[in-house]
């Protein structure tokens, strides 16, 4: 293995798993038990092609993997929970530059304690594997020491028996890190050596505690942020972040979230959960609720925030409802033409005859600040825009309402698809997403966008052009983006053929715009 010493600036990308990530192309993910454990173990071992140096390699890695948001200048501190109590040891975030050995610094926490490895993990190899290293407050790290993990509730603390509870926010993270260390380093890093409780019936080295934590605490946006960056830095991924259900398939226990599979109604593999009781409201007061970040089909994450955004002359001054809202931070490196996607849960509209969606949005900044689309899908694969805005919409929260009654009787999913413009003055925010099956509840609207009642299809692709099947094409506007969301072509449609000579082979998206509605299709130029 080679030794990584440089501070690599890795573009962060995320995926909503409408298909299994290519990393697992040579893994039999349908295996179970020991067979699946061996498949994943072989994968993470053979793709771990770079050993990070403990200094400066791990420091530099954590300053990328554990940011609160791209460009924020702060890292999330494992076991932390309160930035406002004037007690540094409980801080949840801290400046990336405030690292070291001082009492108000953060340092590198070996979540699998070095001294509990067999032999000691040291500060190279397993001891410098960033998949189990996290920023932690120096004092809190010392308080944890090498205490074994045990069950608890609330914030991180020493249990009455003298063990360590990592906190409700981080217990799933801990479980998935312990599972990774086990399949990566085998008997050197047994889960049973770092936790307290009954062992799994299928494997005396695995604890039921970790299986339960893995199921109770779903994958966080921080974990999703870390995995692709560490793949770039080290070469391998933590499979239990990509799909927590791997643990259930290997060791049993409570069913964990299956991010790869299950048809979840009509073949939609993106459904994290399904909402069937209405009205539904999500204002992001408690994390992201059932909404989840894309993992590699975009460039950066949506951010949950309170108060003003970090940039002047853009973004709201506070939430539209309650305290928190979500937004796209457009500061470098998130422009230009960078995409952030957020997926909703699925909504079961069977048995209803009408439905509408409303939300508050804030788009204040430069005229070239970018665009925001709300898109809808029946299968998690094919998406159509049902609402779109671009450019500066003014320094105030506005309300949009979308009639989706044409989807009554079906299961739908939404996603927020934001694309930054060419300037840092482009923060776009969302709050108060409301879905009701009684449209009279949406009577006090400021604007209404109807769903498309038209469609088009791509019926032919060759080296020089694509052929469309579309009605009323005369004068219709089109835009074409590459797989990275970069605009490669736009114009007005006068025939059913769009020239594509000069475009490199690859995946592209073409959108037709009619009134307030946009429909997007994808094609591959070979």
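In the working numbering, the protein residues as written are 6 to 531. The beta carbon of each residue, even a glycine, is placed where N, CA and C say it ideally should be. All of these numbers come straight from a predicted model, not from anything done at the bench.
Here DSSP, grouped into helix, strand and coil, assigns residue 246 to helix. Per DSSP, reduced to three states, the secondary structure at residue 53 is coil, with no helix or strand assignment. Contact between the segment 417–436 and the segment 313–321 is present: three or more C-beta pairs spanning the two stretches fall below 8 Å.
Spanning the alpha carbons of residue 168 and residue 247 requires a straight line of approximately 29 Å.
Counting only residues of its own chain and dropping the five nearest sequence neighbours on each side, residue 32 has a CB closer than 7 Å to the CB of 44, 45 and 48. When secondary structure is reduced to three states using DSSP, residue 63 falls in the helix class.
DSSP, read as helix, strand or coil, puts residue 136 in helix. Residue 513 is positioned such that its CB atom lies no closer than 9 Å to that of residue 524.
Judged by DSSP secondary structure, residue 220 falls within the alpha helix (DSSP H) whose first and last residues are 213–221. With respect to the C-alpha of residue 41, the residue from 255, 191 and 101 having the closest C-alpha is 255. Only buried fits residue 380, as 16 or more other CB atoms lie within 10 angstroms of its CB.
Here the C-alpha atom of residue 369 lies approximately 22 Å from the C-alpha atom of residue 303.
Per the DSSP secondary-structure output, residue 504 pairs in a beta bridge with 470. Counting along the chain, residue 177 sits inside the alpha helix (DSSP H) bounded by residues 176–190. For the segment 316–362, the continuous beta strand (DSSP E) assignments of 3+ residues that do not extend past its boundaries occur at 329–333 and 344–353, in sequence order.
In its chain, beyond the 5 residues on either side, 67, 71, 80, 82 and 111 have a beta carbon closer than 6 Å to the beta carbon of residue 140. A direct Cα-to-Cα measurement between residue 314 and residue 217 gives close to 37 Å.
From the listed residues 116, 423 and 98, the smallest Cα separation to residue 73 is found for 98. With fewer than 16 other beta carbons inside 10 angstroms of its own, residue 35 counts as exposed. Non-local beta-carbon contacts of residue 372 in its own chain, meaning distances under 6 Å to residues more than five positions away in sequence, involve 396 and 397 in chain order.
Bridge pairing for residue 422: 346 and 378 [DSSP]. By the C-beta criterion, the segment 188–199 is judged not to be in contact with the segment 219–236, since fewer than 3 inter-stretch pairs fall below 8 Å. A residue is called buried when at least 16 other Cβ atoms come within 10 angstroms of its Cβ; residue 306 meets this threshold and is buried. Of the residues assessed, residue 328 falls on the exposed side of the cut-off, its CB having fewer than 16 other CB atoms within 10 angstroms. Boundaries of the beta strand (DSSP E) around residue 494: 492–498. Burial state of residue 142 is buried, judged by a 10 Å Cβ sphere holding 16 or more other Cβ atoms. If you look at residue 287, you'll find it in the beta strand (DSSP E) that goes 285–287. When the alpha-carbon of residue 253 is set against those of 207, 278, 290 and 298, the nearest one is in 207. Proximity to residue 122 across 149, 187 and 156 peaks at 187, based on C-alpha coordinates. Taking the Cβ atoms as the reference, residue 346 lies roughly 6 Å from residue 420, within the contact range of under 8 Å. Counting along the chain, residue 373 sits inside no alpha helix (DSSP H), nor does DSSP assign it H or E at all. Linking residue 75 to residue 310 through their CA atoms gives a straight-line distance of about 13 Å. Residue 121 sits in a helix when the DSSP states are folded into three classes.
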